[in-house]
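Which chain is which? The protein sequence lines are Z and D, in order.
Numbered by our numbering, the letters in the first sequence go through residues 5 to 119 in order.
Numbered by our numbering, the letters in the second sequence go through residues 22 to 134 in order.
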Amino acid sequence: GEDVEQSLFLSVREGDSSVINCTYTDSSSTYLYWYKQEPGAGLQLLTYIFSNMDMKQDQRLTVLLNKKDKHLSLRIADTQTGDSAIYFCAESMRGNTGTASKLTFGTGTRLQVTL
Amino acid sequence: DSGVTQTPKHLITATGQRVTLRCSPRSGDLSVYWYQQSLDQGLQFLIQYYNGEERAKGNILERFSAQQFPDLHSELNLSSLELGDSALYFCASSAGTRENGQFFGPGTRLTVL
Numbered sequence: 005g006e007d008v009e010q011s012l013f014l015s016v017r018e019g020d021s022s023v024i025n026c027t028y029t030d031s032s033s034t035y036l037y038w039y040k041q042e043p044g045a046g047l048q049l050l051t052y053i054f055s056n057m058d059m060k061q062d063q064r065l066t067v068l069l070n071k072k073d074k075h076l077s078l079r080i081a082d083t084q085t086g087d088s089a090i091y092f093c094a095e096s097m098r099g100n101t102g103t104a105s106k107l108t109f110g111t112g113t114r115l116q117v118t119l
Numbered sequence: 022d023s024g025v026t027q028t029p030k031h032l033i034t035a036t037g038q039r040v041t042l043r044c045s046p047r048s049g050d051l052s053v054y055w056y057q058q059s060l061d062q063g064l065q066f067l068i069q070y071y072n073g074e075e076r077a078k079g080n081i082l083e084r085f086s087a088q089q090f091p092d093l094h095s096e097l098n099l100s101s102l103e104l105g106d107s108a109l110y111f112c113a114s115s116a117g118t119r120e121n122g123q124f125f126g127p128g129t130r131l132t133v134l
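See below:
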């Protein structure tokens, strides 16, 4: 079945790197995503990785995927106060109708950036 | 700005009532998804439409229904509202056939009193 888990809270100092972790259970997941949610706002797509990739880098963001362990991580380099938010990982599979399928979200990790 | 719009932003109503939430997807996106976000359940998928047709159903109650219109906007109808229906309701859209992520609207916060 589908289950995505994340730790609830992470606190880092401004300028340090943040690493947010996620584990998922469905080995047939095809895409894995990271979303950011700021207070009172919707979910902002940060990045995604296809399941046959190990790593993807996008500016300050690095996504690592360990498919064997079903572990996904998001590293934010040089973390800023504006990065304070809740970060959700999500998995999806291509639907059997050929369309992009629903997202199954983790519980979210609240990132607190301190000065 | 994701390009997905939702109205209204806030909705306060009473138990037993019916409300309609509206979503306009990004230009060119054919798929619309509805999600519910609550403190106890987290983010839960409700239903997906693609080019006017229902494609997938998640944990959607029978009291809830949705549709996607020819102009691709979508409405989520919630009826016989209960206190536990209070939540944030998000609409998301995607191109439909390509996996490049879903783009979320700002959400509608529903409060049932």
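We put the CB at the ideal spot given by N, CA and C, even for glycine.
On a predicted model such as this, the values are computed, not experimentally measured, just so you know.
- 7 Å or more divides the Cβ of serine 95 of chain D from the Cβ of arginine 47 of chain D.
- Between the alpha carbons of lysine 30 of chain D and valine 133 of chain D lies a gap of roughly 14 Å.
- In this structure the segment 42-57 of chain D does not touch the segment 38-46 of chain Z; the number of beta carbon pairs closer than 8 Å is below three.
- Note that the segment 57-67 of chain Z does not touch the segment 67-85 of chain D; fewer than 3 beta-carbon pairs, one per stretch, sit closer than 8 Å.
- The three-state reading of DSSP puts threonine 85 of chain Z in helix, counting H, G and I together.
- Contact with chain Z is found for glutamine 69 of chain D, since one of that chain's Cβ atoms lies less than 7 Å from the residue's Cβ.
- For secondary structure counted as the beta strand (DSSP E) over 3 or more consecutive residues, the segment 20-89 of chain Z holds these complete runs in sequence order: 22-28, 35-41, 47-54, 59-62, 65-70, 75-80.
- Between phenylalanine 66 of chain D and lysine 74 of chain Z the beta-carbon gap is near 20 Å, outside 8 Å, which marks them as no contact.
- Here DSSP, grouped into helix, strand and coil, assigns glycine 63 of chain D to strand.
- In this structure, the alpha-carbon of valine 23 of chain Z lies about 16 Å from that of aspartate 58 of chain Z.
- Annotation: alanine 89 of chain Z has no Cβ neighbours in chain D at a cutoff of 9 Å; minimum Cβ distance is about 14 Å.
- Close CB contacts of cysteine 26 of chain Z within its chain, under the 6 Å cut and outside five residues either way in sequence, are with Gln10, Leu76, Cys93, Gly110 (chain order).
- Boundaries cannot be given for phenylalanine 90 of chain D, as no beta strand (DSSP E) includes it and DSSP labels it neither H nor E.
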